[in-house]
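Sequential numbering of the sequence shown, starting at 38, is according to this note's numbering. Here a beta-carbon is modelled for each residue, glycine too, at the ideal position from N, C-alpha and C. A short worksheet on the structure shown next.
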Amino acid sequence: MDTAVKSMVTVAAVAENKEPMLREAYWLFHSLRRFGGALADARGIVYFVDSMPDDISRLAALEVEAKLVPTIDPRSPHCNKIHMLLDEYATDWLVALDIDTVITGDFSDYLVNPMLAAKIVDQNPLSEELWNRLYGYFGLTLPQERHLTHFHAKESNPYFNTGVLLIPGDQRAELGAAWRRLVPKVLEFYPREPEIAQHAFFTDQFAFTLALTETGLAYRVLPLELNFPTHIPVHPMFVAGEARPLILHHHHKISPEGRLNYCTYPFVNHLIDRFNQSLDEAEGEVL
Numbered sequence: 038m039d040t041a042v043k044s045m046v047t048v049a050a051v052a053e054n055k056e057p058m059l060r061e062a063y064w065l066f067h068s069l070r071r072f073g074g075a076l077a078d079a080r081g082i083v084y085f086v087d088s089m090p091d092d093i094s095r096l097a098a099l100e101v102e103a104k105l106v107p108t109i110d111p112r113s114p115h116c117n118k119i120h121m122l123l124d125e126y127a128t129d130w131l132v133a134l135d136i137d138t139v140i141t142g143d144f145s146d147y148l149v150n151p152m153l154a155a156k157i158v159d160q161n162p163l164s165e166e167l168w169n170r171l172y173g174y175f176g177l178t179l180p181q182e183r184h185l186t187h188f189h190a191k192e193s194n195p196y197f198n199t200g201v202l203l204i205p206g207d208q209r210a211e212l213g214a215a216w217r218r219l220v221p222k223v224l225e226f227y228p229r230e231p232e233i234a235q236h237a238f239f240t241d242q243f244a245f246t247l248a249l250t251e252t253g254l255a256y257r258v259l260p261l262e263l264n265f266p267t268h269i270p271v272h273p274m275f276v277a278g279e280a281r282p283l284i285l286h287h288h289h290k291i292s293p294e295g296r297l298n299y300c301t302y303p304f305v306n307h308l309i310d311r312f313n314q315s316l317d318e319a320e321g322e323v324l
């Protein structure tokens with residue numbers, strides 16, 4: 038494995054010790070090694086929440102480390118992903134991914150500007166009025182810039198999907214600490230605002246968005262190709278030219294045959310076919 042790449046870039050994910058996450062952890066790092074191009078040799082880490090799998094041999098064969106971490110807050114399991122930012126080690130970049138993602142191409146070109154990067158959400162559950170209430174509670178001002186969501190092409194404040202985060206190594210600690218601190222505060226805020234509380238599933242993303250504003254860290258907006266959802270079609274304006282996804286976000290959509298499920302788009306299904314075939318080949322190599 039290329040030691041230079043390992044020291045420069047770390048690809049990480051958080052999983053629970055259960056299916057389908059165990060399968061998906063293998064899928065993610067298998068796809069990185071097969072299709073990651075210049076990043077194929079990046080350091081890999083999976084953080085397992087509360088308990089370790091009995092058998093991590095498949096991850097070890099991919100040179101992926103497994104680490105045990107505690108639950109951050111049982112009220113919001115998604116917030117366990119913050120562990121990826123809090124771990125202390127040297128790296129130039131942290132690529133923090135949801136466990137239900139697979140790599141379909143080389144995205145190293147997006148790791149050249151030392152600025153945090155993430156994709157705008159597929160849909161924003163809060164109105165601008167509700168966002169102003171949330172920001173106001175924390176003494177923050179809602180940013181004025183607007184971006185388009187990917188399902189409905191509606192204007193949104195800078196509210197990001199946390200499934201794919203590209204974070205400069207020297208910004209991990211500051212952002213992670215702010216994100217971690219804001220999680221319980223957002224949860225404590227919910228009783229004041231039932232209209233916001235009904236979307237508590239997105240607590241990690243609310244806290245992340247607030248943390249970005251609070252820290253004042255500069256950021257870039259990633260294109261759809263870096264976090265392409267396969268569970269629901271995106272707005273036609275985003276796929277008019279048949280985008281070339283580099284990271285698929287499949288939201289645990291697994292076929293009855295135990296492979297990655299197809300989506301609406303033939304140009305994406307071609308990548309899914311290639312990925313599934315690579316799994317078949319890898320299993321054949323083991324057999």
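With distances taken from CA atoms, which of I284, S292 and D78 is nearest L134?
Looking up residue 134 in the sequence shown gives position 97. Comparing Cα-Cα distances from L134 to each of I284, S292 and D78, the minimum goes to I284.
Can you tell me whether V51 is helix, strand or coil according to DSSP?
Here residue 51 refers to the residue found at position 14 of the sequence shown. In the structure shown, V51 falls within a strand segment according to DSSP collapsed to helix, strand and coil.
Buried or exposed for R209, going by 16 or more other Cβ atoms inside 10 Å?
Along the sequence shown, one-based indexing puts residue 209 at 172. With 16 or more Cβ atoms within 10 Å of its Cβ, R209 is classed as buried.
Residue range of the alpha helix (DSSP H) that N169 falls in?
Here the question's residue 169 lines up with position 132 in the sequence shown. Per DSSP, the unbroken alpha helix (DSSP H) holding N169 starts and ends at E165 to Y174.
Kindly indicate the opening and closing residues of the alpha helix (DSSP H) around L212.
On the sequence shown, position 175 is the one that residue 212 refers to. Looking at the DSSP string, the run of the alpha helix (DSSP H) that includes L212 is R209 to F226.
Mapping DSSP to helix, strand and coil, what is S88?
Here residue 88 refers to the residue found at position 51 when the sequence shown is read from its first residue. Residue state for S88 is assigned as coil, using DSSP reduced to three classes.
Report buried or exposed for A215, applying the criterion of at least 16 other Cβ atoms within 10 angstroms of its Cβ.
Numbered from 1 along the sequence shown, position 178 holds the residue referred to as residue 215. Label assigned to A215: buried.
So does F175 have its beta carbon nearer than 7 Å to some heavy atom of the ligand NAD?
For the ligand NAD, the structure offers nothing, since it holds no ligand at all.
Have a look at N117 and F265 and give me their C-alpha separation to the nearest angstrom.
On the sequence shown, position 80 is the one that residue 117 refers to. On the sequence shown, position 228 is the one that residue 265 refers to. Between the alpha carbons of N117 and F265 lies a distance of about 22 Å.
Might you give, ordered along the chain, the residues of its own chain that have their beta carbon closer than 7 Å to the beta carbon of F66, omitting 5 neighbours on each side?
By one-based count along the sequence shown, residue 66 stands at place 29. Annotation for F66: G81, L96, L99 and V101 place their beta carbon closer than 7 Å to its own, counting only its chain and skipping 5 residues before and after.
Counting C-beta neighbours from all protein chains within 10 Å, is the total for M38 16 or more, i.e. buried, or is it exposed?
Locating residue 38 in the sequence shown gives position 1, counting from the first residue. With a pLDDT of 46 at M38, under the threshold of 50, the modelled position of this residue cannot be trusted, and the question is left open.
Using the rule of at least 16 other Cβ atoms within 10 Å of the residue's Cβ for burial, across every protein chain shown, is I269 buried or exposed?
On the sequence shown, position 232 is the one that residue 269 refers to. Residue environment analysis places I269 among the exposed positions, since fewer than 16 neighbouring C-beta atoms fall within 10 angstroms of its C-beta.
So, do the segment 128–143 and the segment 176–184 have three or more beta carbon pairs nearer to each other than 8 Å?
Short answer: they don't touch.
I'd like the span of the beta strand (DSSP E) that includes T252, first residue to last.
The residue labelled residue 252 in the question sits at position 215 within the sequence shown. It is not in any beta strand (DSSP E) - T252 instead sits in the alpha helix (DSSP H) that spans T240 to T252.
Same chain only: Cβ atoms within 7 Å of T252, ignoring 5 sequence neighbours per side
By 1-based counting over the sequence shown, the position of residue 252 is 215. Closer than 7 Å at the Cβ level, and outside the excluded window around T252, lie E211, L212 and A215.
Quick check on DSSP: helix, strand or coil for H328?
Within the shown structure, residues of the chain are numbered from 38 to 324, placing residue 328 beyond reach of any answer.
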